[in-house]
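Under our numbering, the first residue of the sequence shown carries the number 92, and numbering increases by one thereafter. Note that beta-carbon positions come from the ideal geometry of N, C-alpha and C, so glycine has one too. Below is one structure, written out as structure tokens; comments come after it.
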Amino acid sequence: GVSAQSFIQAYTLTSSNFTVQLSSPTGRNVEYVHQDDNNRRWFNEFRSKAASATIGFETIDPARYSALLIPSSPGAVHDLVNNSELCNIITHFVKEKKPICAIGMGVAALACARTEDGKQWCFVDYSMTGPSVFELARSPDFSSLPMIVEDYVKDHGGSYNSSEPDAIHVIIDRHLITGQNVQSTLTAVQNLTLMCAQK
């Protein structure tokens with residue numbers, strides 16, 4: 092699923108500046124996790140709008156989009172790290188140097204992006220952040236996580252950095268913006284908006 096708080100902040104900020112298209116594997120409905128009474132009302136209203144419709148990654152023509160935003164998504168380590176359709180989208184954005192923003196557990200989705208020959212990760216030599224081991228270790232499902240973002244980045248040629256747990260921490264390297272955690276959502280998305288305005 093996708094973090095409710097991260098999604099609301101990201102969507103609210105981007106929808107005032109961009110036409111937003113939601114996408115997921117096979118276009119299935121997105122599950123928003125960690126909802127509370129306050130944001131449950133927001134989601135009930137949001138789901139009644141046409142903008143909440145999701146299309147499958149396989150139907151996305153990345154050439155038609157100016158930015159890619161992956162909010163904090165605890166499900167990304169399960170659903171997205173090996174998704175070939177998302178790989179096609181991300182590799183197009185890397186090749187064209189279009190803005191990419193990934194936040195918290197959403198950074199795990201970047202793991203799917205491989206070079207055409209499949210031998211190398213597309214983000215070799217990029218500096219980035221994502222959830223720290225300390226943040227992940229607090230989760231009850233830590234021991235069953237199929238990957239740890241920090242380890243993946245370091246093992247595949249990227250440069251990883253984090254701040255203290257729950258701190259706002261954003262890294263910008265070329266056209267890639269990464270946020271360490273849900274708390275970094277607003278700052279990361281504001282930087283995405285600024286980056287797109289410069290294009």
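Who are T145's beta bridge partners in DSSP?
-> L113
Exposed or buried, what is T103 when buried is set at 16 or more other beta-carbons lying within 10 Å of its beta-carbon?
-> exposed
What are the residues that DSSP puts in a beta bridge with R205?
-> W212
Report buried or exposed for V111, applying the criterion of at least 16 other Cβ atoms within 10 angstroms of its Cβ.
-> Under this definition V111 is an exposed residue.
Compute the beta-carbon to beta-carbon distance between T220 and Q100, rounded to the nearest angstrom, for a pair I have assumed lies under 8 Å.
-> Contact flag wrong, Cβ pair sits at about 17 Å.
Is the Cβ-Cβ distance between T269 and A154 less than 7 Å?
-> no
Which residues bound the beta strand (DSSP E) around T269?
-> L267 to G270
Do we get a CB-CB distance below 7 Å when we pair H260 with the residues of chain C?
-> Annotation note: the requested chain C is absent from the structure, which comprises a single protein chain.
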